[in-house]
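In UniProt numbering, the protein residues as written are 1 to 343.
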């Protein structure tokens with residue numbers, strides 16, 4: 001990783017005429033004043049109309065925070081999500097539309113996440129029965145996290161419906177407690193909802209991954225892929241530091257040596273690594289906890305591991321410490337979590 005470069009929250013890589021414009025349009029349609037909406041974002045409505053500016057993740061999150069508070073409506077995230085995918089982003093949207101199957105569309109979404117889902121990273125895992133689509137912050141989202149997860153889940157639901165021509169039987173697992181406005185989830189996502197989940201993810205039976213409505217164009221798909229690769233290569237990096245760290249932790253979790261070794265593998269001193277993470281609004285232990293929680297969930301779901309096997313895989317030598325870890329991060333003991341997840 002010595003030559004790796006990472007997107008940070010102040011990197012200008014998000015096309016303002018893409019997802020930010022969708023949110024601005026939603027707010028304006030509900031009578032929100034553009035000056036109040038854009039306050040503190042560094043973005044001006046006239047610039048959006050006359051130019052095609054690039055904004056940072058920090059600016060986009062400020063826009064989302066403003067919109068959430070000004071709209072103050074329970075359906076905002078879902079209506080925003082319905083506009084996101086395949087979206088109107090040129091080549092990358094065409095790439096999704098020309099996918100041969102639902103699985104290929106989801107894989108392209110993960111591959112080009114910096115262009116198609118810049119704030120919320122999709123992570124795909126598959127076993128013999130199901131596909132699991134986890135959602136992780138690419139940049140610290142703070143109070144916007146649930147808004148972005150709801151919007152992202154809605155976006156994928158709409159995308160898959162368009163690709164295969166009908167609604168798919170997704171199951172939705174959300175970290176939050178069941179909200180008082182749960183009917184909005186029923187309307188926009190369906191009734192297969194599980195709240196108080198250890199992490200946020202969607203689950204789809206594997207037999208639905210090979211479906212598609214109509215015939216995809218191999219030529220148009222290839223052209224869209226080449227153009228999308230050119231757009232991705234034009235960015236300073238293909239993903240954020242926390243996305244890269246998550247990938248690293250998933251690969252090395254069983255033999256993790258500690259912060260100093262991780263920092264060295266990222267070609268930084270421990271002090272520099274800590275500062276970089278702090279600048280992104282996080283720290284190493286938080287990222288380690290996030291990775292361990294998702295990995296534990298995944299091991300229970302896809303591989304049916306016992307509590308002892310999960311603890312060993314995550315490098316917990318003491319069962320009591322493993323129990324405390326899960327209880328602290330998920331609110332559940334290992335046995336309770338296995339039962340909740342269906343094993």
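Ideal Cβ positions, reconstructed from N, Cα and C, are used throughout, including at glycine.
Spatial distance of residue i from residue j (CA atoms)
i, j, result
"residue 55", "residue 148", "17 Å"
"residue 25", "residue 294", "34 Å"
"residue 256", "residue 338", "24 Å"
"residue 51", "residue 17", "9 Å"
"residue 45", "residue 252", "45 Å"
"residue 14", "residue 188", "26 Å"
"residue 367", "residue 191", "One cannot answer for residue 367 here, as it falls past the ends of the chain, which runs 1 to 343."
"residue 134", "residue 281", "21 Å"
"residue 221", "residue 27", "33 Å"
"residue 1", "residue 82", "Per-residue confidence for residue 1 stands at a pLDDT of 49, beneath the threshold of 50, marking its modelled position as unreliable; the derived number appears in the next sentence. Computed Cα separation, rounded: 37 Å."
"residue 87", "residue 318", "48 Å"
"residue 185", "residue 239", "30 Å"
"residue 108", "residue 211", "16 Å"
"residue 60", "residue 41", "7 Å"
"residue 201", "residue 153", "8 Å"
"residue 67", "residue 37", "6 Å"
"residue 12", "residue 285", "27 Å"
Residue i - partner residues in DSSP beta bridges
i, result
"residue 269", "Bridge partners of residue 269: none, in fact."
"residue 7", "240"
"residue 22", "In DSSP, residue 22 forms no bridge with anything."
"residue 123", "134"
"residue 54", "15"
"residue 201", "134, 173"
Residue range of the unbroken alpha helix (DSSP H) whose run includes residue i
i, result
"residue 80", "76–82"
"residue 316", "Residue 316 -> no alpha helix (DSSP H), and no H or E assigned at all."
"residue 93", "91–97"
"residue 286", "284–303"
"residue 33", "Here residue 33 belongs to no alpha helix (DSSP H), and DSSP marks it neither H nor E."
"residue 339", "334–341"
Cβ separation of residue i and residue j, assumed to be a contact under 8 Å, to the nearest whole Å
i, j, result
"residue 94", "residue 224", "4 Å"
"residue 136", "residue 121", "5 Å"
"residue 118", "residue 141", "Not really, about 12 Å apart at Cβ, beyond 8 Å."
"residue 57", "residue 150", "With 8 Å as the limit, residue 57 and residue 150 do not qualify as a contact, their Cβ atoms being about 18 Å apart."
"residue 204", "residue 172", "About 10 Å; that fails the 8 Å criterion."
"residue 228", "residue 91", "5 Å"
"residue 300", "residue 341", "5 Å"
First through last residue of the beta strand (DSSP E) which encompasses residue i
i, result
"residue 112", "Run containing residue 112: none; DSSP gives neither H nor E here."
CB contact check: residue i to chain D, cutoff 8 Å
i, result
"residue 71", "The chain labelled as chain D is not found in the depicted structure, where only one protein chain is given."
Whole beta strand (DSSP E) elements within the region 127–197, 3-residue minimum
Counting whole runs of 3 or more residues, the region 127–197 contains the beta strand (DSSP E) stretches 130–137, 171–173.
In the region 219–275, which residue ranges form an unbroken alpha helix (DSSP H) of at least 4 residues, counting only runs that do not cross its ends?
241–252, 259–265
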